[in-house]
Every structure is written in structure tokens, then in C-alpha cells.
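Below is one structure, written out as C-alpha cells, with a few remarks after it.
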Amino acid sequence: MADVSPAQGNRVLCYCDDCQAFARHLGTEGMMDARGGTEIYQVFPAQIRLTAGAEQLRLLRLSEKGLLRWYTACCRSPVGNMLSSPRSPFVGLFRGVLAVEDDALEAAIGPIVGRIQGRFAVGGCPPGVHPRAPVGLLWRSLVFLGRGFFTGKYAPSPFFDAATGSPVREAQVLTRQERAVLVPGS
Ligand SMILES: [Zn+2]
């Protein structure tokens, strides 16, 4: 990944039902914490280079209009999620793809700036987690997205075909029933 710094991305811990559904669908060990939280690092697509294994990328959507959720076919590792537009200026990378220890990660990209969507957490909203998303973080994200959009940081993207503007994979879309099984009570 290029140009990594605390100012270049948003590191968040998300407890939302969609992130939990994605983690359960993949069944990958260690993706969520005990309460269902997933750590995500939002960066611009142009910061990402897939140096190997691009053919292993697979695409899942939890619903017809859901986010694009990328993972690998080989070990079902979550890679990142993003909006479906080729001009979407962010990718939320999952903690697991950042192959560094916590200390090094903290030094490189800074601390977690938001713990959000606690109302979906397993066993109720954990202490220190916002039940939804605080306005400050939404604003920070908007500024970040705007900067990415207006400076063209959505391209080049390893997730979209530059010629056609389509995702590089056909998405598997879950049915309502398939998703409902993954998030009991939602
Ligand atoms: Zn989420």
C-alpha cells in the first residue's frame, strides 16, 4: 500500500450487522472480536497494489444494492468493502490484510478513530462504542471521501476494469433468506 499515514485513512471498528454477516458468511477465524466487531481501515483505491494473487479475488454482495465485499477464494480472507461505483473513492480494508503487528500498525496509520454501530454488537453495546456513528466521524469520512473524489484517488483501482468500469468479478448476491440466517434477529 502506498502513502500510508494517519492522515491518509480512517481506522474504525465496526459492529454493524452487515459486517457481522460478511464475517459469518466467510467463516474466517479471527475476523471479528468477541462482540462482533470488525476492524476496517478506509483508504483510497489508488493507494492499493495487488502484488500477487489477484486471480483469487472474489466478490460478494449481501443484497442487490449492498456494498461490494471482496475476499479471497483460496483462504476466504476478507480483503475490503466499497461502494459499487468505479468512482467510489474509498476501500475499507480489513485488518487481516494488513500483515503487521498492532504496534507497527498503530505507528503507521494511527489509532482507531471510531468504534461504531454498537447497537448491533453481540450482547448489547460495548463500553466506549457509539451505538450508531458519531457526527464527528461521519464528517471526517465525508471530508476524506470528498478529497479522494476530487483528487481522482478512485483510480487506478485493482477492483474495477478501467475500460468497462465494471468490477473485475461477477458478484455473488445473497438472498434475503441467506443473509437473515447470518444475522439472527435482524
Ligand atoms: Zn460495518
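Here the numbering used here is used: the first residue of the sequence shown is 4, the next is one more, and so on.
Even for Gly, the Cβ is constructed at its ideal location relative to N, Cα and C.
With fewer than 16 neighbouring CB atoms inside 10 Å of its own CB, Thr178 falls in the exposed class. Excluding its 5 nearest sequence neighbours in each direction, Asp164 has C-beta neighbours in its own chain below 8 Å: Pro170, Val171, listed in chain order.
The C-alpha of Pro89 is placed about 14 Å away from the C-alpha of Leu148. Of the residues Phe97, Arg118, Leu185, the one whose Cα lies closest to the Cα of Arg72 is Phe97. For Ile112, the secondary structure class from DSSP, reduced to helix, strand or coil, is helix.
In the DSSP assignment, Met85 forms a beta bridge with Leu71. For ligand 1, a non-hydrogen atom lies closer than 6 Å to the CB of Cys17. With a threshold of 6 Å, the Cβ atom of Cys77 does not count as near ligand 1, since no heavy atom of the ligand is closer than that.
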